[in-house]
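Number of protein chains: 2
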Amino acid sequence: MSNRPLFIDGLQYNNWSEEIFQQIHQGGLSAIHVTICYNEDFQETVQNMIDWNRYFQKYPDLIFLGRNAEDVRRAQLDGRTAIFFGFQNCSPIEDNIGLVEILHSLGARFMQLTYNNQSLLGTGCYETNDSGITRMGRQVIKEMNRVGLVVDMSHSAERSTLEAIEISERPIAITHANPTFWHPALRNKSDDVIRSLGANGGMLGFSIYPHHLKNKSDCTLQSFCEMIADTADMIGIEHLGIGSDLCQNQPDSVVEWMRNGTWSNEVDFGEGSSSFSGFPEQPHWFKDNRDFSNIEAGLKEKGFSDKDIKAVLGQNWLNFFDSSFEPL
Amino acid sequence: MSNRPLFIDGLQYNNWSEEIFQQIHQGGLSAIHVTICYNEDFQETVQNMIDWNRYFQKYPDLIFLGRNAEDVRRAQLDGRTAIFFGFQNCSPIEDNIGLVEILHSLGARFMQLTYNNQSLLGTGCYETNDSGITRMGRQVIKEMNRVGLVVDMSHSAERSTLEAIEISERPIAITHANPTFWHPALRNKSDDVIRSLGANGGMLGFSIYPHHLKNKSDCTLQSFCEMIADTADMIGIEHLGIGSDLCQNQPDSVVEWMRNGTWSNEVDFGEGSSSFSGFPEQPHWFKDNRDFSNIEAGLKEKGFSDKDIKAVLGQNWLNFFDSSFEPL
Numbered sequence: 001m002s003n004r005p006l007f008i009d010g011l012q013y014n015n016w017s018e019e020i021f022q023q024i025h026q027g028g029l030s031a032i033h034v035t036i037c038y039n040e041d042f043q044e045t046v047q048n049m050i051d052w053n054r055y056f057q058k059y060p061d062l063i064f065l066g067r068n069a070e071d072v073r074r075a076q077l078d079g080r081t082a083i084f085f086g087f088q089n090c091s092p093i094e095d096n097i098g099l100v101e102i103l104h105s106l107g108a109r110f111m112q113l114t115y116n117n118q119s120l121l122g123t124g125c126y127e128t129n130d131s132g133i134t135r136m137g138r139q140v141i142k143e144m145n146r147v148g149l150v151v152d153m154s155h156s157a158e159r160s161t162l163e164a165i166e167i168s169e170r171p172i173a174i175t176h177a178n179p180t181f182w183h184p185a186l187r188n189k190s191d192d193v194i195r196s197l198g199a200n201g202g203m204l205g206f207s208i209y210p211h212h213l214k215n216k217s218d219c220t221l222q223s224f225c226e227m228i229a230d231t232a233d234m235i236g237i238e239h240l241g242i243g244s245d246l247c248q249n250q251p252d253s254v255v256e257w258m259r260n261g262t263w264s265n266e267v268d269f270g271e272g273s274s275s276f277s278g279f280p281e282q283p284h285w286f287k288d289n290r291d292f293s294n295i296e297a298g299l300k301e302k303g304f305s306d307k308d309i310k311a312v313l314g315q316n317w318l319n320f321f322d323s324s325f326e327p328l
Numbered sequence: 329m330s331n332r333p334l335f336i337d338g339l340q341y342n343n344w345s346e347e348i349f350q351q352i353h354q355g356g357l358s359a360i361h362v363t364i365c366y367n368e369d370f371q372e373t374v375q376n377m378i379d380w381n382r383y384f385q386k387y388p389d390l391i392f393l394g395r396n397a398e399d400v401r402r403a404q405l406d407g408r409t410a411i412f413f414g415f416q417n418c419s420p421i422e423d424n425i426g427l428v429e430i431l432h433s434l435g436a437r438f439m440q441l442t443y444n445n446q447s448l449l450g451t452g453c454y455e456t457n458d459s460g461i462t463r464m465g466r467q468v469i470k471e472m473n474r475v476g477l478v479v480d481m482s483h484s485a486e487r488s489t490l491e492a493i494e495i496s497e498r499p500i501a502i503t504h505a506n507p508t509f510w511h512p513a514l515r516n517k518s519d520d521v522i523r524s525l526g527a528n529g530g531m532l533g534f535s536i537y538p539h540h541l542k543n544k545s546d547c548t549l550q551s552f553c554e555m556i557a558d559t560a561d562m563i564g565i566e567h568l569g570i571g572s573d574l575c576q577n578q579p580d581s582v583v584e585w586m587r588n589g590t591w592s593n594e595v596d597f598g599e600g601s602s603s604f605s606g607f608p609e610q611p612h613w614f615k616d617n618r619d620f621s622n623i624e625a626g627l628k629e630k631g632f633s634d635k636d637i638k639a640v641l642g643q644n645w646l647n648f649f650d651s652s653f654e655p656l
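Going down the list, the sequences are from chains C and U.
Going by this note's numbering, the first sequence wraps up at 328, each residue one higher than the last.
Going by this note's numbering, the second sequence wraps up at 656, each residue one higher than the last.
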């Protein structure tokens, strides 16, 4: 048995480098779900996978491609980090449902049905009108269920999210968002969504992206841990994990590209504003992957049991991975 | 143990249907290397994989995607057929060496460096000038060796083929061709190539495509088996298998597309001619997959031992698969 903790992050989008891979190692992360697509089509997404393949070849002592839960256990034993691919948009499947299985074969394990806008599959959280899951969306959820690609509704609108939870035959995830009862951001999730997610076996990854936090960059660790306690009271600790949404070392041009892709002639500021359009500053207690131990300490301070701390920081995601990634 | 024979075909390109999958089953084939690309680029090749995924879903009792030699043993036990993907051209990797690993992840196990023409990697057998393996070709062979994608030189020119055998650190294959000492077709292989192939651990799959046969469609089974015996005398039985090049139920428009793709304004007739441009008729002793037993009988008649018959009809390919498909 390894003495390493079981830390899993349900979403990161860093400007990856050897420095960050070393920090992951120092922080003791056994698995990270990394975003490899915001706006890319199929072939552009494949190119992002090729870029990751080069990282895997270059840093084999630090990282490798994760395909299933067993890879997380192997990573924990080896002192390495299993990297799981995910998309924050359905753009990689274009209009071709056959690409769901192809992308799963290439390692994809999470796919959001929408980013902020309406997609071919459902409605994003910044649209005025939410028409729910589309005809193609129903077919694609079924196919994702079949091959073992997790439905992620982090950036989707309320009705679409509730419908996806209902339609999906396997539990879904909201990999990176917080409850609106704590901080009413458009990207955070209503009590209805959170209750339905939990009732259907899903997972919520708590975000540490400042726009999702009460008092943003000034959010305290105490407040963050209280939110976790309150959500546990609401739906049970077993549905909760971390999905930090860490976007380390990214230039502001990247968040502009994430929000705008090629879909608009006017600049969309997403969660920001014209006067504050860049990446916000991380709270002092979560700057990079070495700070997982701060959350651990915060949860202990708040009175969580050792078992519940382990559950939130890794074991719950691992249980979810165990039942989510293999074909039906 | 299964009572089923171990029959493996090193190349087929049929107009696939339930009827043909049933014939494969009746013929007792445990593995077939199928061509899924002649002229397609990356995304078109992925679409061909999607079409095969639909076959695998529709006929799970007959076929499944083969990824390694163990799958052949499983197929033999189950009474099913493992389908191994291959390309007769390097067009699926376009000009992107990173696509080699991607396509291997998706199941590709053989790739010709050229079809009939010059490619980015080497020279095809119908070019007047053969300049050998290119700069990119050397890099791609190394990458194919690394990931476990077999170099296939069936349609390549003499010098390029000899160089590929030398450059490759893993044994290569000529999946479907015959010796020119028996029938001097441009697609068949010289003594030099065959000797070098054998000396470097490679495999030759004997073709039953009439243009590669002495007397074409009228070729006798006896003559075909004599050729196998003579080649075994030359390089040893362990390097020999069948690569029938069966193109069952294909309309003649397909062979025109195979030869011409989108590269020419004038019609190229390949091994055919303006007066005989379509698919030639198969010899009476090999019409479809149920006729493997005829070859077995022909080899017995010619005096091959049971062990050598088993080697040529499947065991040699299986040994080659054992050492070829896993990453280094």
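C-beta atoms are modelled at their ideal positions from N, C-alpha and C, and glycine is treated no differently.
First and last residue of the uninterrupted alpha helix (DSSP H) at residue i
i	result
U/S551	549–563
U/V521	519–527
Unbroken beta strand (DSSP E) run spanning residue i, endpoints
i	result
C/F85	81–87
U/M531	531–534
U/A436	436–440
C/D9	7–12
C/L246	From DSSP, C/L246 is part of no beta strand (DSSP E); its letter is neither H nor E.
U/L393	391–393
Reference residue i; option with closest CA among the options
i	options	result
C/G298	C/N289, C/I309, C/D288, C/R290	C/I309
U/G598	U/I421, U/E584, U/Q610	U/E584
C/L246	C/N260, C/Q139, C/G205, C/E266	C/G205
C/E326	C/A108, C/A164, C/D191, C/E296	C/A108
C/D152	C/R146, C/S168, C/D192	C/S168
U/Y341	U/M586, U/S524, U/T462	U/M586
U/L641	U/D546, U/M531, U/W591	U/M531
C/I36	C/L29, C/N53, C/S264, C/S275	C/N53
C/K302	C/C225, C/A185, C/T45	C/C225
C/I93	C/V46, C/G28, C/F21, C/D71	C/V46
Reduced DSSP secondary structure (H/G/I, E/B, other) of residue i
i	result
U/S601	strand
U/D423	coil
C/S324	helix
U/T489	helix
C/I36	strand
C/G298	helix
U/S496	coil
C/I133	coil
C/S30	strand
U/L514	coil
U/A501	strand
U/L568	strand
Alpha carbon of residue i to alpha carbon of residue j, nearest angstrom
i	j	result
C/D230	C/R290	26 Å
C/A173	U/R402	36 Å
C/L121	C/Y38	15 Å
U/I493	C/E40	39 Å
U/L490	U/K470	16 Å
C/G66	C/A31	8 Å
U/M464	U/R474	15 Å
C/K216	C/Y209	8 Å
C/N3	C/K307	16 Å
C/S277	C/T134	32 Å
C/R187	C/C125	7 Å
U/T548	U/L525	26 Å
U/S433	C/K287	35 Å
U/K386	U/D546	37 Å
Pair within 7 Å by beta-carbon distance, residue i and residue j
i	j	result
U/S459	U/C418	no
C/Q250	C/N96	no
U/G569	U/N622	no
C/T175	C/S154	yes
U/F335	U/F620	yes
C/L11	C/G261	no
U/F415	U/M439	yes
C/S156	C/T114	yes
U/H540	U/N506	yes
U/F370	U/L427	yes
U/L646	U/A410	no
C/W182	C/M227	yes
Within-7 Å CB hit, residue i to chain B
i	result
C/I50	No chain B is part of this structure, whose protein chains are labelled C and U.
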